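Each residue of the sequence shown is one higher than the one before, starting from 1 at the first, in our numbering.
Using N, Cα and C, we set each Cβ at its ideal position, and we do this for glycine too.
Predicted model, so just to flag it, every value in this text is computed and none were measured.
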Amino acid sequence: APYTAGSSLPSDLIRLAGGKNIFADQEKRWLTVQWETVIKKNPQWIVVMQYNNSDDVQGKIDFLKNTPALKDIDAVKNNRILVLGLSDVIAGVRNINAVETMAEKFHPEAF
């Protein structure tokens, strides 16, 4: 099951980049959700977190791309999967870089 940001700083960063976290309306800062809910909400982008250098990010991406139930999600269909490090989305100096990276991906025509 996906572990994702709810009402928290990552949701604010996504908003500042011109996007909307599909789970921003949740009270919890971080929560586990069901894939069925993700499929129903049909995100345009999926942000994959790299928690540390040994995190298998490619394995996470491969899971998204190779799981039949997820193949029709717009983000997966259109290869709109963005990787950010955990240090990019917790309070710190890297937040502005995360906002810029997401904005460039979400709205490339603006850059």
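- Rounded to the nearest angstrom, the gap between the Cα atoms of Trp35 and Ala17 is 25 Å.
- Collapsing the DSSP output to three states places Val47 in a strand.
- Just measuring C-alpha positions, the residue of Met102, Asn79, Asn78 sitting nearest Gly85 is Met102.
- In the structure shown, Val93 falls within a coil segment according to DSSP collapsed to helix, strand and coil.
- CA-CA distance, Ala5 to Val48, rounds to 11 Å.
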